[in-house]
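Participant:
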Amino acid sequence: MPNEQPPISQINERLEQSFRDADQAREELTESLANSVAANCDLLHHGLVSAKGLEVTTEMYRYFLGQLLRHSSGEVRNQVLAQFNESIEKFWPRAKGSSAGAALTNN
């Protein structure tokens, strides 16, 4: 019979594999985009520092961060604050037993 369909289990298995492949491709694309954005941000930062100096670039970042933290979307504010706190921890980790560090995370 030329119009014979494969069993449902085979169709389901192929469909599930297609979904797994699509998920993996999406993750790889997301990672690639994130790496590309990070690389472009590094280039932009070095270009700004070279063109305008560190002080002006720092003021621009300060203004930029302030705008993001005042963004009308609560999700944007929360993500910016979470990333800012993570960055602070990375570059200026809290001293053991510091009450000032605990105050920052409670606010």
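The working numbering runs 2 ahead of the 1-based position in the sequence shown.
Idealized CB from N, CA, C, for every residue including glycine.
This one's a predicted model, so the numbers in the text were calculated from it and none came from an experiment.
Hey, Met62 and Leu46 are a contact pair by Cβ (cut 8 Å); roughly how many whole angstroms apart?
Facilitator: Wrong, their Cβ atoms sit about 11 Å apart, outside the cutoff.
Participant: Put His47 into one of helix, strand or coil per three-state DSSP.
Facilitator: Helix at His47.
Participant: Hey, quick one: how far does the alpha helix (DSSP H) through Arg79 stretch, first residue to last?
Facilitator: Here the alpha helix (DSSP H) through Arg79 covers 76 to 93.
Participant: Using the C-alpha atoms, what's the distance from Lys98 back to Glu77?
Facilitator: Those two C-alpha atoms are separated by around 31 Å.
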